[in-house]
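Residue numbers for the sequence shown follow the numbering used here, so the first one is 11 and each next one is one higher.
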Amino acid sequence: MLSAVRNGSPVGLGAPPGPAPAVEPPPDAFDEADERPPQSGLQRRSVVVALHGRRAHLGAVALGRLIAHGLEAPLRGLCLSTEPIDASEVPAHFGIAPEALQGMVLDVEASDDPAGALASAVASCGTALVIVASHADEPMDPRFGVGQLAARALESAALGVLVIREEPSPPRLQRILLPLDGTPSTASAIRPVGEVARKLGAELDIVLVGCASPREAADEGPPVSTPVPFEPGAMVAPLYVDQPQHEWPAFTEEFLARFLSAIGHCPHGVSTRFFLGKGEPAAEIARLAWQLASDLVVLVWHGQLADHHGGVIRDVLARAPCPVLVLRR
11 MLSAVRNGSP VGLGAPPGPA PAVEPPPDAF DEADERPPQS GLQRRSVVVA LHGRRAHLGA
71 VALGRLIAHG LEAPLRGLCL STEPIDASEV PAHFGIAPEA LQGMVLDVEA SDDPAGALAS
131 AVASCGTALV IVASHADEPM DPRFGVGQLA ARALESAALG VLVIREEPSP PRLQRILLPL
191 DGTPSTASAI RPVGEVARKL GAELDIVLVG CASPREAADE GPPVSTPVPF EPGAMVAPLY
251 VDQPQHEWPA FTEEFLARFL SAIGHCPHGV STRFFLGKGE PAAEIARLAW QLASDLVVLV
311 WHGQLADHHG GVIRDVLARA PCPVLVLRR
C-alpha cells in the first residue's frame with residue numbers, strides 16, 4: 011500500500027518518471043530578501059569533496075558544486091594521497107581535467123592512512139558535509155556496506171556525509187527523497203535539505219516510514235514498518251488510510267506543517283509530495299527511489315549502528331540507485 015499527495019492534494023503514482031535534465035539553480039531564487047529562509051549556520055562551513063584513488067571524480071565534484079550552491083557554502087577538494095603531491099599536480103594525479111576543479115580550494119593530505127585523514131577533516135567544525143565515493147573495487151566495511159573511506163567519514167561526521175556508489179551522469183538534484191519516521195528528533199536534522207531544495211528549485215518527496223498506526227499494528231497481515239517510537243510529539247499514520255477523504259488530507263497538512271515547516275524549517279515555496287509507505291523501511295525507501303527516479307536520498311542517523319536506524323542506514327546505502335546523504339542528528 012502506498013498513498014501520496016502533492017502539496018496536500020492526493021496524487022496517483024503511474025510509471026516511473028523519465029530522465030530529467032540537470033538542474034540549473036534559478037537565477038532569481040532569492041531576489042526578495044524577505045523570502046530568504048533563516049540561516050542554518052551551514053553557509054559559512056565548507057562542502058568537501060574527497061578525491062582519492064585513481065577513479066574519475068567528476069560526478070562527485072559536480073554534485074558538490076550543486077550542494078555548495080544550495081547551502082551558499084564554499085567548496086573544497088580534499089585530495090587524499092599516500093605520497094606527497096603539489097596542488098598543481100592534483101588534476102593529473104586524479105585524472106581530472108583542470109577546468110573541472112576551477113574555483114575549488116584544494117587541500118592535499120599525504121598520509122599512509124587516507125581514511126584517518128578524511129575522518130579528521132570530516133570532524134572539523136568548519137565542514138558542513140563531505141562527499142565521498144564508494145567504489146566496488148575497494149575494501150568494504152561490513153558495518154555500513156560501503157568502502158572503508160566512506161565508512162570512516164560516516165563514523166566521524168559531525169553533520170553529514172554524501173555517499174556516491176555510482177557516479178551520476180549528468181549530476182542533478184531535481185527530485186530529493188526524504189524519509190521521515192514521524193519523530194521530532196529526526197525532523198530536527200533536515201534543515202539543510204530544505205535550503206538546498208529551495209535554492210536549486212528541487213522537489214521534495216516526503217515519505218513516512220518506520221511507524222505504524224494502532225489499527226495497522228494490530229492487523230494479522232505483515233507488520234507495517236516498525237513499532238511507533240516512544241517520543242513526545244511523534245505522529246503516526248491515520249487509522250483509515252484506505253479512506254483518504256476522511257483523514258488523509260488533514261493528517262498530511264498537519265504532518266508537513268509540524269515536521270517539515272516548524273521543526274525542519276523548510277522554506278516556503280518548496281514543492282513537496284507526501285507518501286505513506288508500508289513495509290520494511292529500507293526496502294520501501296529503495297523502491298521509492300527507483301520508482302520516483304530520485305536524484306538523492308536523505309537519511310537522518312542517530313549515530314548508532316546497533317539500533318533500528320543503523321540497520322536502515324546500512325540497507326539503504328546498499329540498495330539505493332542514487333547518492334545517499336546521511337545527516338547526523
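Backbone N, C-alpha and C fix where the C-beta goes; we use that ideal spot for every residue, glycine too. In this text the structure is predicted, and so the values were computed from the model without any measurement.
Counting only residues of its own chain and dropping the five nearest sequence neighbours on each side, ALA328 has a CB closer than 7 Å to the CB of GLY155. A straight line joining the alpha-carbon of GLY243 with that of ALA133 spans about 31 Å. Residue pairing for TRP311: DSSP places it in a beta bridge opposite ARG338.
Straight-line measurement puts the Cα of ALA129 at about 21 Å from the Cα of ASP147. In the three-state DSSP reduction, LEU183 falls in the coil class, being neither helix nor strand. Per the C-alpha coordinates, the member of ALA267, PHE285, LEU169 positioned closest to HIS278 is ALA267. Contact between VAL336 and GLY170 holds, with the beta-carbon distance rounding to 6 Å and staying under 8 Å. Taken through DSSP and simplified to helix, strand or coil, SER281 comes out as coil. About 5 Å separates the beta carbons of THR282 and LEU214, which is inside the 8 Å limit, making them a contact pair.
Under the DSSP assignment, SER98 falls outside any alpha helix (DSSP H); it carries neither an H nor an E label. Counting only the Cα atoms, ALA110 lies some 26 Å from ALA167. Collapsing the DSSP output to three states places ALA60 in a strand. The residue from ARG153, ALA125, LEU68 with its alpha-carbon nearest to that of ALA316 is ARG153. Counted as a single uninterrupted DSSP element, the stretch harbouring ARG55 is not any beta strand (DSSP E), since DSSP gives it neither H nor E.
Closest by C-alpha distance to ARG297, out of ALA330, GLY87, GLY136, is ALA330. Cβ neighbours of MET114 within its own chain (closer than 6 Å, five residues either side excluded): LEU85, GLY87. Sequence-distant Cβ neighbours of GLY126 in its own chain, meaning closer than 6 Å and more than five residues away, do not exist here. Per DSSP, SER198 lies in no beta strand (DSSP E) segment and is marked neither H nor E. Assigned with DSSP and collapsed to three states, VAL326 falls in helix.
For the segment 67-143, the full-length beta strand (DSSP E) segments reaching 3 residues or more read 85-91, 115-120, 137-143 along the chain. In this chain, the beta strand (DSSP E) harbouring LEU214 covers 213-218.
CA-CA distance, LEU306 to ALA293, rounds to 16 Å.
Taking every protein chain shown into account, the CB of ALA120 has fewer than 16 other CB atoms within 10 angstroms, so this residue is exposed.
By DSSP's assignment, MET245 forms no beta bridge with any residue. In the DSSP annotation of this structure, the continuous segment of the alpha helix (DSSP H) that includes LEU298 starts and ends at 291-301.
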